[in-house]
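Residues 13 to 472 (the working numbering) make up the sequence shown, in order.
From the three backbone atoms N, C-alpha and C, an ideal C-beta is built for every residue, glycine too.
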Amino acid sequence: MSSVLKTDPLRDVIESDRAHVWHHIAQHKPFETVDPRIYVEGKGMRLWDAAGKEYLDAVSGGVWTVNVGYGRESIANAVRDQLIKMNYFSNAAGSVPGAQFARRLIEKMPGLSRVYYSNSGSEANEKVFKMVRQMAHRHHGGRKYKILYRERDYHGTTIATLSAGGQPQRNAQYGPLTPGFVEVPHCLEYRSQWGSIENYGERAADAIEEVILREGPDSIGALCLEPVTAGGGVITPPKGYWERVQDICRRHQILLHIDEVVCGVGRTGKWFGYQHFGIKPDFVTMAKGVASGYAAISCTVTTEAVFEQFKDDPSDPLSYFRDISTFGGCTAGPAAALENMRIIEDEALLANTERMGQRLLANLRELQSRHAVIGDVRGLGLFCGAELVADRQSREPVEEKMVQAVLADCIGHGVIIGATTRSMQGLNNTLCLSPALIATEADIDGITAAIDAALGRVFG
Ligand SMILES: Cc1ncc(COP(=O)(O)O)c(C=O)c1O
């Protein structure tokens, strides 16, 4: 490993963690007898834990985040320099890296022109919901306030974003949720709601229009969708879906909000997932990969047409977007994001993502040919999933504990992979892979070799 890690001082850290830290999305009972895993160092695609064990990280920090890999000194230096010069002022004023990053980002997003900074994916999405509601109040006589979201999609952890969440296990026990959010059907052809049909993509888009007509187009302000559904099962959109969705939104004057919190800034091999499908969104939100986890930053990006609606009446003190996010003024975020973007460009990581993504998909398909438990393989760029089934014919999902056994086996052998968890009852059966965009052929082959061996051991 790259530096000597003494276990004794870390014993103290582990005890402090066990005594006082409440981990995210974790049942803590096991930590009464088993140490929580604490990662202490990272370099490139690799991590080391407190016991000195090395891991290959196939999930970019667990949740699709560390896109340019660990240990990037140039990002740390850019952030350090910026913090010493000017660390913070409320984003009611401007900042040098904030202005520079906004320009660089907009260059990559034709048709969009305004960037609103905040701290998390959830918050970026809530900004859209607030904008849509305020536009409804100011410009549509209180109508067009509803937000449509899709079954199996996830948009965040706050009460409003959970209300826009199509994953019942994430929402359970946190109600009552916020009114004004309406679900549309998912678009996972492998689990088709209409049997085996030829034009599944168009049918799934038409199902959105059916909801619009039922609710009344006049009541709906925006449709919020992930370009590729992430935690809901790595769902790549079926052929013909996006063209029809865009057309439906235009005809009913519904704004299209694409949640790029996972796909944004390179994950799928293009800067943004929506850019694979030739669509023109009205809002794009992004977070995780924007600064690869080196600083907390999220962006809500929109068009000049939307922006104009918030400055049309300067005499009205309530007419503009009266929203503030304290840490949206931290300069560490855009400073890290600028350097993150430079790395992606200078190291040609979009092209690498496309190439390595194809390799990952091909390797998974090869595994599928040998392991009956892999029912479906899906993916775009370095964002892939393998759905595990007990029976290929009936497509009955494997039990969740078996999926977790595959994860445990891989991690036991030094490869960290992911799976859908606490999303949909009975359907948390998809292995998720999202290595950093710097992955090499050897990394990709190492990941799939670990899965191959794990499937053999778990399913025999
Ligand atoms: C598609 C999507 N949107 C939004 C979020 C919420 O982002 P955050 O956890 O930064 O609030 C997530 C988190 O996983 C996500 O996957």
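- Inside the region 174-239, DSSP marks whole alpha helix (DSSP H) runs of 4 or more residues at positions 180-183 and 212-227, from first to last along the chain.
- Inter-residue distance for Gly245 and Asn441 is about 8 Å (C-alpha atoms, whole angstroms).
- For Met298, the number of other beta carbons within 10 angstroms of its own is at least 16, and it is reported as buried.
- By the Cβ criterion, the region 317-336 is not in contact with the region 43-59, since fewer than three pairs of Cβ atoms, one from each stretch, lie closer than 8 Å.
- His152 carries a coil assignment under DSSP once its states are collapsed to helix, strand and coil.
- For Val80, the closest of Pro239, Ala348, Leu439 and Glu138 by C-alpha to C-alpha distance is Ala348.
- Sequence-distant partners of Ile209 (beyond 5 residues in either direction) whose C-beta falls short of 8 Å from its own C-beta, in its chain, are Arg215.
- At the C-beta level, Phe284 and Pro249 stay beyond 9 Å of one another.
- At least one heavy atom of ligand 1 falls within 8 Å of the beta-carbon of Val273.
- Taking C-beta separations shorter than 6 Å and ignoring five residues to either side along the sequence, the partners of Trp206 in its chain run Arg215, following chain order.
- Cβ contact annotation for Gly393 (same chain, cutoff 7 Å, sequence separation greater than five): Arg279, Thr280, Gly281, Thr365, Glu366 and Gly369, in chain order.
- At least one heavy atom of ligand 1 lies closer than 8 Å to the C-beta of Asn137.
- Within 10 angstroms of the beta-carbon of Gln437 lie fewer than 16 other beta-carbons, which makes it exposed.
- Nearest neighbour of Val257 by Cα position, chosen from His288, Thr241 and Ala219, turns out to be Ala219.
- A Cβ-Cβ separation of about 16 Å leaves Arg145 out of contact with Phe319 under the 8 Å criterion.
- Looking only at Asn375, Thr173 and Ser86, the smallest Cα-Cα distance to Asp271 is reached by Thr173.
- Between the alpha carbons of Leu59 and Arg49 lies a gap of roughly 12 Å.
- When the five nearest sequence neighbours on each side are left out, the beta carbons in the same chain lying within less than 8 Å of the beta carbon of Ile429 are those of Ala70, Val71, Val418, Leu419, Cys422, Ile423, Leu443, Cys444, Leu445, Ile459, Ala462 and Ile463, in order along the chain.
- Around Ala114, the same chain offers Val127 as residues with beta carbons nearer than 6 Å, after the five sequence neighbours per side are excluded.
- The bridge partners DSSP lists for Trp60 are Glu53 and Glu66.
- Excluding five sequence positions before and after Gly123, the CB atoms of its chain that fall closer than 7 Å to its own CB belong to Lys292 and Thr315, given in chain order.
- A distance below 7 Å between beta-carbons, with the five flanking residues on each side excluded, links Gly340 to the following residues of its chain, in chain order: Asn103, Tyr129, Ser130 and Asn131.
- The shortest CA-to-CA distance from Gln416 to any of Phe471, Leu237, Glu163 and Arg150 is the one to Phe471.
- Setting aside the 5 residues that flank it on each side, Gly54 is surrounded in the same chain by Tyr82 and Gly83, each with a C-beta closer than 7 Å to its C-beta; the list follows chain order.
- Asn375 sits buried, since 16 or more C-beta atoms from the chains shown fall within 10 Å of its C-beta.
- The beta-bridge partner set that DSSP reports for Asp403 consists of Glu408.
- Non-local beta-carbon contacts of Tyr157 in its own chain, meaning distances under 8 Å to residues more than five positions away in sequence, involve Val144, Arg145, Ala148, His149, Gly192, Ser231 and Gly233 in chain order.
- For the 9 Å CB-CB criterion, Glu255 and Phe289 form a contact.
- Here Ala431 is bridged, per DSSP, to Leu443.
- Annotated as proximal: Ile386 and Ala398, with beta-carbon spacing under 9 Å.
- Considering only Ser134, Tyr67, Glu119 and Gln380, the residue with the shortest C-alpha distance to Gly426 is Tyr67.
- Rounded to the nearest whole angstrom, the CA to CA distance from Asp455 to Leu361 is 15 Å.
- In the DSSP annotation of this structure, the continuous segment of the alpha helix (DSSP H) that includes Ser381 starts and ends at Leu361 to Arg382.
- Spanning the alpha carbons of Gly110 and Arg434 requires a straight line of approximately 36 Å.
- Between the alpha carbons of Lys97 and Tyr212 lies a distance of about 54 Å.
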